[in-house]
Amino acid sequence: FTMSPANTVRTNMVMVFFLATQTADVYDTPTGEQRGAQVILDAPNGFHFKAQCIVKSLPDTYYSYFRDKELVTNPLRDLVDCIGEEWESEAGLKNRAVIRIAGALTGG
724 FTMSPANTVR TNMVMVFFLA TQTADVYDTP TGEQRGAQVI LDAPNGFHFK
774 AQCIVKSLPD TYYSYFRDKE LVTNPLRDLV DCIGEEWESE AGLKNRAVIR
824 IAGALTGG
């Protein structure tokens, strides 16, 4: 990615691959609303997600296959939305994207 110079907006794409080591299930909120899992992506210094960031699956060529076409790199399923937010850390103000999915995130 590159940082935008003053008075210029530059759009960047961030492609993230990760291994979920535990399952994040669907849960009920205190008001009875059902929510799915979330993936939280902390941005590097100087990168800011918009309040409404865009999340979508990559083209199929980015996902890898193994023996007998068993899919081993999977896209996130049932994407709901992506919300950019700021949070305070010991190192100062940071920026993150909260990616919500409708269902569970299966670890392994």
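Each residue of the sequence shown is one higher than the last, beginning at 724 in the numbering used here. Every residue, glycine too, gets a C-beta built ideally from N, C-alpha and C.
Counting along the chain, Val-739 sits inside no beta strand (DSSP E), nor does DSSP assign it H or E at all. Counting along the chain, no beta strand (DSSP E) covers Ile-777, and no H or E run does either. Only residues of its own chain outside the window of five on either side were considered, and among them Val-749, Tyr-750, Asp-751 have a CB closer than 8 angstroms to the CB of Gln-757, listed in chain order. Here Val-762 is near Ile-822, since their CB atoms are less than 7 angstroms apart. Straight across, the Cα-Cα distance linking Asn-768 with Phe-789 is about 36 angstroms.
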